[in-house]
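Going down the list, the sequences are from chains A and B. Numbers 1 to 84, taken from our numbering, label the letters of the first sequence in order. Numbers 1001 to 1426, taken from our numbering, label the letters of the second sequence in order. Idealized CB from N, CA, C, for every residue including glycine. Contents: one structure, followed by commentary.
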Amino acid sequence: MATVEERVKAITANKLGIDEIKLEDSFTADLGAESVDSIELVAMFEEEFGIEMDEDAALAVQTVGDAITFITKVCKEQGVEIEE
Amino acid sequence: MRLVFIDSLCEKRSRFYPLVFGRPIWELRCGMSSLENKLMARIRPDDVAYFVPDYMADYYKTRTDKPVNDVTTLTGEDLILVDPRIKADHLDLPNKHQSQIDLDDEGRVLYARISKEDSGGLEAEDIETFLDSAKSSLPCVSCKAPTWEYTWDLVLANAEQITADFEKAGRSGIEGDIEEPVAIRGSKKDVYIAPKAKLHPMVVIDAENGPIYIEEGVEIHPFSRIEGPCYIGRNSVLLGAKCREGNSIGPICRIGGEVEESIIHGYSNKYHDGFLGHSYVGEWVNLGALTTNSDLKNDYSNVSVMLDGRKSIDTGSTKVGSLIGDHTKTSIGTLLNTGSYLGAMAIVMAMGKPLPKHIPSFAWFIEGNVTKGFGKRTLYGTAQKAMSRRGCEWSAQAEAMWDAVFEMTSPIRKKAIKKGRRRLLT
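Shown next, in the form of structure tokens:
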């Protein structure tokens, strides 16, 4: 199974059409995500990991690294098996 | 005699969703007034009390000075109980002195007259207990009066009802300001323009096929055409509107573009071009520029509507437009299919083609998918802003009521969100 980092980066790259994604990249400032993109990324992460995220908390996440940390935490809380 | 309005949670209530998520059924409108106004005019009670679903009771108490969900109102007076779905004009008032319970085909109370002597002997822990007790101990008959069954019934009856209400109102003439040239077609007896209403030059009032009632403070901008039957509520503004027959608009709406046979509740805006036909629009709705709905299918077959997102209901009519819940907002260029359902508190973005026919309440419909979007807190914030712009307040009671609606509508929304997520990853 791919790691959370690999899966988050793959979805982000696919959605935003960017080849190289770094952990410190901000979704909006560096990757150019519009508000609509952010909403769709949240939905895509939920589907990919089979989790439910609180929309306020999820949309407050700024960077790719923070997203990986947040999703890892939610997966653990919701008993979803992941590769860290 | 006390008139008691009863709106209980049941399947028949859900037929009026999304319009009755935030209001009791009697606040729905047809013609120039609400169902409540019509029943009050027909029954002429000395006093009124209301029973609403529990989740909206605290909110409704902020909207009326009459008793709400107060069981003490069920004793001490002769009572008339009504289900607001009953059509007031067809209500046959039974003998004054005899208690009688009129039931629908499912055994629910549609109308009841209960003397104060009889009401004292009934159980009154809550309204349902009271009704059960009345049914089991007082004479019951099958109610013959017709009822409003679905929201589109009100839309389809609107033109005729405006004509009837205009006649009952017994007013005609021009008491407002008219800036010439304004053209009035048909008989001036079929036109009433209230004081402080203002008609700019180049406005056409066409009462040839039905009456036109324009309330106080209405302002109609140049190049608007109003065709009767039509009712324009207090302080509404029409901006170059092509207002076809059968519309009830306002109060305090901003309307432009083409509107036909539609009912629009207060504080809603359709400022720009775009067609709205055979539709029922709630309060605080904003339809973005060029939002257009279909109200007639290309094959002229009956329109069907999905009230619960699953099962299509044949409306029996070839003309049904959209049902749009309170606080819902559409983006520019939104295209709504024939018989569309847009829940309450939804944000709808155009997708370049007609939307799916059912958008759940509190949905953020983005790029063709239902999402959770920025969540209900953001929606409440937007509602608060929209209301404060018109001097109205978003209250804690309103928020608690909408929280309950959020929970009630959660299963349908979650299903749509899951479908949207799957689509995003494929």
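B/Gly1256 is positioned such that its CB atom lies no closer than 7 Å to that of B/Asn1235.
Between the alpha carbons of B/Glu1260 and B/Gly1333 lies a gap of roughly 19 Å.
The residue among B/Ile1324, B/Thr1330, B/Leu1296 with its C-alpha nearest the C-alpha of B/Thr1315 is B/Leu1296.
Taking each of B/Leu1290, B/Leu1238, B/Phe1005 in turn and checking the Cα distance to B/Lys1066, the smallest one comes out for B/Phe1005. For B/Leu1323, the uninterrupted beta strand (DSSP E) run begins and ends at 1322-1324, by DSSP.
Interface criterion not met: the Cβ of A/Asp19 is under 7 Å from no Cβ in chain B.
Ranked by how close their Cα comes to the Cα of B/Leu1039, the residues B/Asp1105, B/Ala1057, B/Thr1075, B/Tyr1111 have B/Tyr1111 in first place.
Taking C-beta atoms as the reference points, B/Asn1369 and B/Arg1422 fail to come closer than 7 Å. A/Ile11: member of the alpha helix (DSSP H) spanning 4-16, first to last residue. Under the 8 Å Cβ criterion, the region 1167-1179 of chain B does not count as touching the region 1049-1062 of chain B, having fewer than three qualifying pairs. Taking a Cβ-Cβ threshold of 8 Å, the residues of chain A close to B/Trp1364 are Ile39, in chain order. The shortest CA-to-CA distance from A/Glu52 to any of A/Gly65, A/Asp37, A/Thr72 is the one to A/Thr72. Of the residues B/Glu1160, B/Glu1125, B/Arg1113, the one whose Cα lies closest to the Cα of B/Met1032 is B/Glu1160. Listed in chain order, the non-local C-beta contacts of B/Pro1222 below 8 Å within the same chain comprise His1200, Pro1201, Met1202, Val1203, Gly1240, local neighbours out to five positions each way being set aside. Contact annotation for A/Met1 against chain B: no contact, minimum CB-CB distance about 16 Å [criterion: below 9 Å]. The contact set of B/Thr1072 on chain A, defined by CB atoms closer than 7 Å, is empty, because the minimum CB distance reaches about 43 Å. For B/Gly1368, no CB of chain A lies under 7 Å from its own CB, so it is not counted at the interface with that chain. Apart from the 5 residues on each side of it in sequence, B/His1265 sits with its Cβ closer than 6 Å to the Cβ of Gly1282, Glu1283 in its chain, given in chain order. When C-alpha distances from B/Ile1313 are compared across B/Ser1304, B/Val1320, B/Lys1319, the shortest belongs to B/Ser1304. Put simply, the backbone Cα of B/Ile1359 is about 15 Å away from that of B/Ser1279. When CB distances to chain A are screened at a threshold of 7 Å, the residues of the region 1370-1386 of chain B falling below it are Thr1371, Lys1372, Gly1373, Phe1374, Gly1375, Arg1377, in chain order. Counting only residues of its own chain and dropping the five nearest sequence neighbours on each side, B/Val1109 has a CB closer than 8 Å to the CB of Ile1006, Leu1081, Asp1083, Ile1101, Asp1102, Leu1103, Leu1131, Ala1134, Lys1135. In terms of Cβ geometry, B/Ile1205 and B/Ile1232 do not form a close pair [threshold 7 Å]. For B/Gly1256, the enclosing beta strand (DSSP E) has its first and last residue at 1254-1260. Fully contained in the region 1012-1067 of chain B are the following alpha helix (DSSP H) runs of length 4 or more, in chain order: 1035-1043, 1054-1061. For B/Tyr1380, the enclosing alpha helix (DSSP H) covers residues 1375-1388. Proximity of chain A to B/Gly1420 at the Cβ level (cut-off 8 Å) is accounted for by Ala43, in chain order. A/Glu48 places its beta carbon less than 7 Å from that of A/Arg7. B/Ser1388 and B/Trp1394 have their alpha carbons spaced roughly 8 Å apart. Listed along the chain, the chain B residues whose CB falls inside 7 Å of the CB of A/Leu59 are Phe1374.
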